[in-house]
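Engineer: I have a structure I would like to understand better, so I am pasting it below and will then ask my questions one at a time.
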Amino acid sequence: MAEAIAFYVIAAFILGFAVLVVTTKDTVHSVLFLVLDFLFVAALYVLLSAPFLAVIQILVYAGGIVVLYLFVVMLVNLKRAPEAHEDPHRLTKLGFGLAGAVLIELGAILVSGYMKAPAAASAAPAVLPVSGNTEQVGWLLYTSYLIPFEIASMLLLVAMIGAIVLAKREL
Amino acid sequence: MFDTSELVINMGPQHPSTHGVLRVVLRLDGEKVVDAEVVIGYLHRGIEKLSENRNWTQIILLTDRMDYVAAATSNVGYCETVEKLMQIEVPRRAKYVRTVLCELQRIASHCLWVGTHAMDIGAMTVFLYAFRERELILDLFEEFCGARLTYNSMRIGGLPQDIPPGWDKKVLAFCDIMDGKLDEYETLLTHNRIWLERTKGIGVIKGPEATALGLCGPALRGSGVARDVRKDEPYAAYDEMEFDVPVGMVGDTYDRYLVRMEEFRQSLRIIRQATAGIPEGPIVGKVPRLIKPVAGETYHAIESPKGELGYFIVSDGKSTNPYRFRVRPPSFCNLQALPRLVRGHLIADVVALIGSIDIVLGEVDR
Amino acid sequence: MPITPTHYMLLSAALFIIGVIGVMVRRNIIIIFMSIELILNAVNINLVAFSAQLHNVVGQVFAIFVIAVAAAEAAVGLGIILAFYRNKESVNIDEMNLMRW
Amino acid sequence: MIDQFVIPVVKILVVLNATLIGVSYMTLLERKVIAWAQSRLGPMRVGPQGVLQPIADAVKLILKEDITPRKADRWVFTAAPVISMVPALIVYAVIPFGPVVHMFGRDISLYIADVNVGLLYIVSVASVGVYGIILAGYASNSKFPLLASLRASAQLISYEVSVTLTLVSVILMSGTLSMVGIVNAQYNSRLWFGFVQPLAFVIFFIGSLAETNRAPFDLPEAEQELTGGFHTEYSGMRFALFFLAEYANMIVVSSVATTLFFGGWLRPFPNVAALHFLDVLPSWTWFLLKSFVFLYIFIWVRATLPRYRYDQLMRLGWKVLIPLAIVNLVVTGIVKVMLL
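Residue numbers (the numbering used here), protein chains in the order written: chain C, 17 to 187; chain F, 102 to 467; chain L, 5 to 105; chain P, 1279 to 1618.
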């Protein structure tokens, strides 16, 4: 019972802050709402018994990426807000319409899925020698998912170099 | 907010590390100082104009207020200039006491310098240590002339009064204490890696360029030019003292620091020689009751803690007031080198450089 | 009423939609980038929800890869925004209609 | 029912109050130690030997007028000090002050929560602390604080990398992320990690000095250059919060250092029979004693060392500490694999 209340509270906060991120005028405020949103997503992960991912979410997302956004928002402080002038051929209504359609479609899939009997239990997961969430994630990361792990590190290296080349004034 | 072009920042006149009311307008490209412009005059009291309707003895008071950190040297410099104009012979006893006072004043001024310079770069403790030693010197001055900062410690022709009995013993006792304390400063700063990194290679200026810019005193000697008025044109009893003039090699902030720390030790050496050798005899030469020098002009320079402090006086022979009284303050000349020293460095170095050239705004603005 | 994976899927669908609206409607590039981050988070919630339901940690490993990719994307994206801002003095997406500037 | 709610709440209250009192008395301790180092007395007027000085400071700061600059962003301006204070306090949830102890007829663990991702929790909470500084600089809407806050946050982020790398080498040694597990690992291996990993400890100490904006790295609020750093526009209670947040971070870092490198609550040579008389002191006093040693070193370093310039500070962070931390990590890994 407590878990249900916790889920609904956290879900309400997540969606609430997400709406605020998208709607506020002041960019810094929307960055702050984004941070709060990520913190509540981390709380959701704890609810889903994935503590390692919750901490990584706070460390990488809330502590790293959004700080990057805050830096850029401050460096790119605008004299004239982008939304100041109304752009004639902006199809805002069409945008909302399309988003609504996608929502209805997703809802339909979910609801129909809910009606049918639950899918057959998939193959039992390989039993890992280690217990504990972090250990299991670590174990998988370095055994069966080693290649994607190395590729991810290459990707991060490329991204770092790319960011430096783009952002530096004179190389 | 700040776009990619230059940013102009005002450092001062109300700023914790500009040693008084000095305003430096810095043009920055990000963190690097592109150009600096020094704005002075906030402490201008018109001392030179004031002196034109005061008689020669009253001006001694004004010289105290110029370099208020080293008042004794200013008094001695002024009195010697007038004695040179009127060809008054100063007795040997007065000369020796003048030398002791000048060197004590140099140590006090360098104490204040090392304290504030280290505090600007972050080492807070040295400030407290340095001011503890400066207090001892102020006590000695208070015994001799009754004041702690603006002494009025000289009269044209000699001393206002004789040194109190036992005063020289106290001076010698002070020298022994000071030796130990100097090692404390050295342990805190000289081989401190962070101090080295903050001062080595900052504000490098070679000898010829330093002389061209008019630098003088420890700032000039830090660049390798052995110019010291006490050696080149000895005054008071300096010709009878042996001491050596420390000279830097590279001409950066660290060399100026080492030169001044060595000057501490040389001053102690001079004080010991002078105090031991104070001869007996009169303390004032033949001075007419009413000082009215014959028409003429003269220039006389002495080595103040900041550099070569020169006085140029013109007397028209009719009145008891000087016709013109001009001062060549060392801080003013050292300060004009600041924009050249600061170009290309970072903001934090501007603070270190202001401390390194050791300026006093009272002397700069007069 | 126990919390079934469908609840999590509905939550992540809603978050996904808010992200999509943010991308479609707003004109400020930074807000668009943040909406993309929201979309990536929605995906992560789904991954972790299924990994919890099937008691299989693979979902979380994927979530970590998604976070890594999001970090890389944010870094390069912000680099582009800075370069663009330095040339055009604005972050309005409508003005970003040239492939090279 | 009692074990579920009452005891944790009591523990939290005890730890929170102890921290807040500790933080306020840290200000007095710092002023006294620096005064002693500079051959002067420090605050002596309020109470005997100046003992009531922190209370006087608190009252003064509460009564002082709390101004907000005109064009400042009101909400963010008020939130910034809170954001920088909260992470420092919530870290105590995972720091173990002692083992499980039998008190009032019930087994009570002298730590609030033994989270199995304890160490990562501490690092991530520390990384969120950066927001307080950035937002403070941004919200005060003036040139100097903004410049200072950008520099401070860049410094924090770059030193966070090297500190996290040293923590990873500790995890390699202990094999677990939970703080209680790390202290038990030190007990079992009969060697404190501070001696097994001296380089990691040194890097951690320097990194934590930089992360709490202290001593040679206290550039952001270097009065000499940027007139006050990012909290120039703050006054009254909000300024006090920033001030206390710095001390709270300092206490946090020293307690983490004690737990990771010097065996949290373990008394020296815990299993040597001859020294059992030392057990008269309860375990958490050892913890407090050791963290006090670190706090003393923090203040001692501040009293003596001059300040680094910004680029030297970043150079040290990136070009010296991080490579060293990586080398230390690799060597620990190789040695651990070879030995086991």
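Note that CB positions come from ideal geometry on N, CA and C, so glycine has one too.
Please read all numbers here as calculations on a predicted model, not as lab measurements.
Buried or exposed: which applies to alanine 8 of chain L, given that a residue is buried once 16 or more other Cβ atoms fall within 10 Å of its Cβ?
Structural biologist: The residue labelled residue 8 of chain L in the question sits at position 4 within the third sequence. Rather than alanine, the amino acid found at residue 8 of chain L in this sequence is threonine. Per the 10 Å Cβ criterion, exposed.
Engineer: Are the C-beta atoms of leucine 42 of chain L and some chain C residue less than 9 Å apart?
Structural biologist: Locating residue 42 of chain L in the third sequence gives position 38, counting from the first residue. Closer than 9 Å: yes.
Engineer: If you drop the 5 nearest sequence neighbours on each side, which residues of the same chain put their C-beta closer than 8 Å to that of valine 1474 of chain P?
Structural biologist: Taking the fourth sequence and counting its residues from 1, one reaches residue 1474 of chain P at position 196. Cβ neighbours of valine 1474 of chain P beyond the five flanking positions: Met1451 and Ser1467.
Engineer: Does the beta-carbon of serine 254 of chain F have 16 or more other beta-carbons within 10 angstroms, so that it is buried, or is it exposed?
Structural biologist: Mapped onto the second sequence, residue 254 of chain F falls at position 153. With 16 or more Cβ atoms within 10 Å of its Cβ, serine 254 of chain F is classed as buried.
Engineer: Listing by chain order, which chain C residues have their CB less than 7 Å from the CB of leucine 1455 of chain P?
Structural biologist: In the fourth sequence, the residue the question calls residue 1455 of chain P occupies position 177. Chain C residues near leucine 1455 of chain P: Thr150.
Engineer: Just to confirm, are glycine 79 of chain C and valine 1408 of chain P a CB contact at a threshold of 9 Å?
Structural biologist: Working through the first sequence from its first residue, we reach residue 79 of chain C at position 63. Working through the fourth sequence from its first residue, we reach residue 1408 of chain P at position 130. Yes, they are a contact pair.
Engineer: Counting along the chain, where does the beta strand (DSSP E) carrying lysine 133 of chain F start and finish?
Structural biologist: In the second sequence, the residue the question calls residue 133 of chain F occupies position 32. Note, lysine 133 of chain F: beta strand (DSSP E), 133–140.
Engineer: Taking buried to mean at least 16 other C-beta atoms within 10 Å of its own C-beta, is serine 65 of chain C buried or exposed?
Structural biologist: Counted from its first residue, the first sequence places residue 65 of chain C at position 49. With fewer than 16 other Cβ atoms within 10 Å, it is exposed.
Engineer: Establish whether the CB of serine 235 of chain C and some CB of chain L are separated by less than 9 Å.
Structural biologist: Residue 235 of chain C lies beyond the range of chain C shown here (17 to 187); nothing can be said about it.
Engineer: Between the C-alpha atoms of glycine 308 of chain F and leucine 321 of chain F, what's the straight-line distance to the nearest angstrom?
Structural biologist: Taking the second sequence and counting its residues from 1, the one referred to as residue 308 of chain F is at position 207. Taking the second sequence and counting its residues from 1, the one referred to as residue 321 of chain F is at position 220. Each residue's Cα considered, the two are about 7 Å apart.
Engineer: Out of F:Gly386, F:Met362 and F:Ile455, which has the shortest C-alpha to C-alpha gap to glutamate 287 of chain F?
Structural biologist: Position 186 of the second sequence, counted from the start, is the residue given in the question as residue 287 of chain F. Ranking the options by Cα distance to glutamate 287 of chain F, first place goes to F:Met362.
Engineer: Decide if the segment 170–190 of chain F is in contact with the segment 412–432 of chain F; the criterion is three or more beta carbon pairs, one per stretch, under 8 Å apart.
Structural biologist: At 8 Å Cβ cutoff, the stretches touch.
Engineer: Following the continuous beta strand (DSSP E) through serine 1486 of chain P, name the residue where it begins and the one where it ends.
Structural biologist: Here residue 1486 of chain P refers to the residue found at position 208 when the fourth sequence is read from its first residue. Looking at the DSSP string, serine 1486 of chain P is not in any beta strand (DSSP E); the run it does join, the alpha helix (DSSP H), is 1476–1489.
Engineer: Using 8 Å as the threshold, is the segment 16–35 of chain L in touch with the segment 457–464 of chain F, meaning 3 or more CB pairs across them?
Structural biologist: No, because fewer than three Cβ pairs between the segment 16–35 of chain L and the segment 457–464 of chain F fall closer than 8 Å, the two stretches do not touch.
Engineer: How far does the alpha helix (DSSP H) with phenylalanine 68 of chain C in it reach, from first residue to last?
Structural biologist: For the purposes of this step, residue 68 of chain C is taken as the residue at position 52 of the first sequence. Looking at the DSSP string, the run of the alpha helix (DSSP H) that includes phenylalanine 68 of chain C is 67–72.
Engineer: Going by DSSP, what residue range makes up the alpha helix (DSSP H) through alanine 83 of chain F?
Structural biologist: Residue 83 of chain F is absent from the structure shown; chain F starts at 102 and stops at 467.
Engineer: Can you tell me whether isoleucine 1411 of chain P is helix, strand or coil according to DSSP?
Structural biologist: For the purposes of this step, residue 1411 of chain P is taken as residue 133 along the fourth sequence, with counting starting at 1. Of the three classes helix, strand and coil, the one that applies to isoleucine 1411 of chain P here is helix, per DSSP.
Engineer: Starting from asparagine 1394 of chain P, find everything on chain C with Cβ-Cβ shorter than 8 Å and list it in chain order.
Structural biologist: Walking along the fourth sequence from the start, residue 1394 of chain P turns up at place 116. Simply Pro67, Gly148, Asn149 and Thr150.
Engineer: Is there at least one Cβ from chain P nearer than 9 Å to leucine 182 of chain C's Cβ?
Structural biologist: As a first step, residue 182 of chain C is located in the first sequence; it is residue number 166 there, counting from the start. For leucine 182 of chain C, the answer is no, since every Cβ of chain P falls outside 9 Å of its Cβ.
Engineer: Counting only Cβ pairs nearer than 8 Å, list the residues of chain C close to valine 29 of chain L.
Structural biologist: Position 25 of the third sequence, counted from the first residue, corresponds to residue 29 of chain L. Within chain C, the residues near valine 29 of chain L are Val38, Thr108, Gly111 and Phe112.
Engineer: For aspartate 1619 of chain P, which of helix, strand or coil comes out of DSSP?
Structural biologist: Since the first residue shown for chain P is 1279 and the last is 1618, residue 1619 of chain P is missing from the structure and cannot be characterised.
Engineer: Report back the beta-carbon spacing between leucine 42 of chain L and alanine 18 of chain C to the nearest angstrom; my notes put them in contact at under 8 Å.
Structural biologist: Counting from 1 along the third sequence, the entry for residue 42 of chain L is found at position 38. Counting from 1 along the first sequence, the entry for residue 18 of chain C is found at position 2. Contact doesn't hold; Cβ gap of about 27 Å is too wide.
Engineer: Which stretch, first to last residue, makes up the beta strand (DSSP E) that contains arginine 427 of chain F?
Structural biologist: Translated into the one-based positions of the second sequence, residue 427 of chain F becomes position 326. Unbroken beta strand (DSSP E) run through arginine 427 of chain F: 425–429.
Engineer: Could you round the C-beta distance between isoleucine 1373 of chain P and serine 1440 of chain P to whole angstroms and report it? I think they count as a contact, below 8 Å.
Structural biologist: The sequence position of residue 1373 of chain P within the fourth sequence is 95, counting from 1. The sequence position of residue 1440 of chain P within the fourth sequence is 162, counting from 1. No, isoleucine 1373 of chain P and serine 1440 of chain P are not in contact; Cβ-Cβ is about 21 Å, not under 8 Å.
Engineer: Could you give the residue range of the alpha helix (DSSP H) that holds glycine 258 of chain F?
Structural biologist: As a position in the second sequence, residue 258 of chain F is number 157, starting the count at 1. Premise fails: glycine 258 of chain F is in no alpha helix (DSSP H) and is neither H nor E.
Engineer: Are three or more beta carbon pairs between the segment 1482–1499 of chain P and the segment 1423–1434 of chain P nearer than 8 Å?
Structural biologist: Counting Cβ pairs under 8 Å, three or more are found: they touch.
Engineer: Leaving aside the five residues before and after glutamate 1308 of chain P along the sequence, list all residues of the same chain whose C-beta is less than 6 Å from its C-beta, in chain order.
Structural biologist: By one-based count along the fourth sequence, residue 1308 of chain P stands at place 30. So the list reads Ile1577, once near-sequence residues are dropped.
Engineer: Please check if any C-beta of chain F sits within less than 9 Å of the C-beta of proline 1347 of chain P.
Structural biologist: Start at 1 with the first residue of the fourth sequence, and residue 1347 of chain P comes out as number 69. It does not: the Cβ of proline 1347 of chain P has no partner Cβ on chain F nearer than 9 Å.
Engineer: Less than 9 Å separating the beta-carbons of valine 80 of chain L and alanine 124 of chain C?
Structural biologist: Taking the third sequence and counting its residues from 1, one reaches residue 80 of chain L at position 76. Taking the first sequence and counting its residues from 1, one reaches residue 124 of chain C at position 108. Contact flag unset, no.
Engineer: Less than 9 Å between CB atoms is the rule here; does alanine 175 of chain C satisfy it with respect to chain L?
Structural biologist: Working through the first sequence from its first residue, we reach residue 175 of chain C at position 159. Yes, its Cβ sits closer than 9 Å to a Cβ of chain L.
Engineer: Starting from leucine 1594 of chain P, follow the alpha helix (DSSP H) in both directions and report where the run begins and ends.
Structural biologist: As a working note, residue 1594 of chain P is residue 316 in the fourth sequence. It is not in any alpha helix (DSSP H) - leucine 1594 of chain P carries neither H nor E in the DSSP assignment.
Engineer: So is serine 1405 of chain P in contact with chain C if we call contact Cβ pairs under 9 Å?
Structural biologist: Translated into positions along the fourth sequence, residue 1405 of chain P becomes position 127. Serine 1405 of chain P counts as touching chain C.
Engineer: Using a Cβ-Cβ cutoff of less than 8 Å, which residues in the same chain neighbour leucine 447 of chain F once the five nearest sequence positions on both sides are dropped?
Structural biologist: Numbered from its first residue, the second sequence carries residue 447 of chain F at position 346. These residues qualify, in order along the chain: Glu132, Lys133 and Val134.
Engineer: What three-state label does DSSP hand aspartate 524 of chain F in the structure shown?
Structural biologist: Nothing in the structure corresponds to residue 524 of chain F, since chain F is present only between 102 and 467.
Engineer: May I have the straight-line CA-CA distance separating proline 1560 of chain P from isoleucine 1386 of chain P, to the nearest angstrom?
Structural biologist: Taking the first residue of the fourth sequence as 1, we reach residue 1560 of chain P at position 282. Taking the first residue of the fourth sequence as 1, we reach residue 1386 of chain P at position 108. Rounded to whole angstroms, proline 1560 of chain P to isoleucine 1386 of chain P spans 14 Å at the Cα level.
Engineer: Are three or more beta carbon pairs between the segment 32–47 of chain L and the segment 73–87 of chain L nearer than 8 Å?
Structural biologist: Enough Cβ pairs lie closer than 8 Å, so yes.
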